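Reviewing the structure listed below.
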Amino acid sequence: MAELTRFAELFRGRADVWGSVEGKSNKEPVTEEHYRLHLEGKKSLGIYPLLDDGTCYFWAVDIDDKSFEKALAIRNAMNELELPMYICESKSKGYHVYGFCQEGVQAADIRWVLFSVLEKLGWMAEVFPKQDKLDQVLKYGNYINLPCFGNTRLFQTIDKTAVPTAEAIKRIKTIPIDKIREAKAKFPPPPVLIIPLKAPGKKSKKPS
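For any residue, its number in our numbering is found by taking its place in the sequence shown, counting from 1, and adding 20.
Shown next, in the form of structure tokens:
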């Protein structure tokens with residue numbers, strides 16, 4: 021039970037909608053049972069991290085090209101800023117690099133830091149939350165399929181060894197909000213990214 025409670029606290033997001041692994045958005049309450057079934061490997065859970073007030077409790081960088089070296093470099097660069105992040109295998113066999121805050125941090129602030137680090141490394145990658153804030157058109161944002169689905173999508177050590185979920189979540193350190201603000205102050209504003217609208221009728225890509 022302690023493992024379940026801790027996992028749900030770390031991956032806290034919207035409580036009124038969740039995402040399924042098939043790409044479906046389910047507009048219903050997120051309960052402890054959803055997290056339990058996920059950890060048991062019975063029903064995958066996707067969480068929308070961006071809340072109505074523009075804050076989030078966790079974030080991730082999605083490395084789609086299956087490069088552990090890139091995931092490790094991002095993790096190391098964030099550690100140098102005293103912002104610990106943790107590597108997991110993703111559903112697509114790439115990697116997600118996760119970070120966690122002790123309280124709700126402005127998504128714009130942590131996205132500023134993450135994009136600045138990616139720019140410094142010379143890479144492009146998806147960042148969750150994908151937006152700074154929600155609006156009347158974008159009511160929920162985007163969900164991310166959580167790690168630790170049964171014995172898959174496990175956290176990894178720096179030498180690429182899988183860590184059992186119960187042990188991994190004990191090791192995770194949440195970040196004080198002041199540390200994120202200090203890191204943000206070290207970087208100039210990231211460039212504004214213009215994302216082209218998709219042509220009507222085209223299928224959107226399933227989340228990682």
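C-beta atoms are modelled at their ideal positions from N, C-alpha and C, and glycine is treated no differently.
Source: prediction; values computed, not measured.
Contact defined as beta carbons within less than 8 Å: I believe PHE120 pairs with ILE195. What is the distance between those atoms, to the nearest angstrom?
7 Å
Helix, strand or coil, according to DSSP, for THR185 in the structure here?
helix
Can you list, in chain order, the stretches of the beta strand (DSSP E) that have 3 or more residues and sit fully within the segment 86-141?
The DSSP assignment places 106-109 and 115-126 as complete runs of the beta strand (DSSP E) inside the segment 86-141, in order along the chain (cut-off: 3 residues).
Using a Cβ distance threshold of 8 Å, determine whether the segment 43-53 contacts the segment 79-99, with at least three qualifying pairs required.
no
Compare the beta carbon distance of CYS108 and PHE175 with 7 Å and say whether it is the shorter of the two.
yes
Starting from the Cα of ALA188, find the closest Cα among TYR118, HIS54 and ALA127 and give me that residue.
For the residues TYR118, HIS54 and ALA127, the minimum Cα distance to ALA188 belongs to TYR118.
Nearest to ASP129 (by Cα), restricted to the options PHE31, ALA205, ARG32 and GLY43
ALA205
Between GLY161, HIS54, ARG173 and LYS159, which has its C-alpha nearest SER112's C-alpha?
ARG173
On the criterion of 16 or more Cβ atoms from any shown chain inside 10 Å, does MET98 qualify as buried, or is it exposed?
buried
DSSP state of ASP198, grouped into three classes?
Residue state, collapsed to three classes: helix.
Rounded C-alpha distance that separates TYR160 from GLN151
Pairing TYR160 with GLN151, the inter-Cα distance amounts to about 10 Å.
Tell whether a beta-carbon distance below 7 Å holds between ALA127 and GLY74.
yes
Short of 6 Å in beta carbon distance, which residues of its chain neighbour ALA186, apart from the five on each side in sequence? Order them along the chain.
GLU23
So, helix, strand or coil for ALA22, using DSSP?
helix
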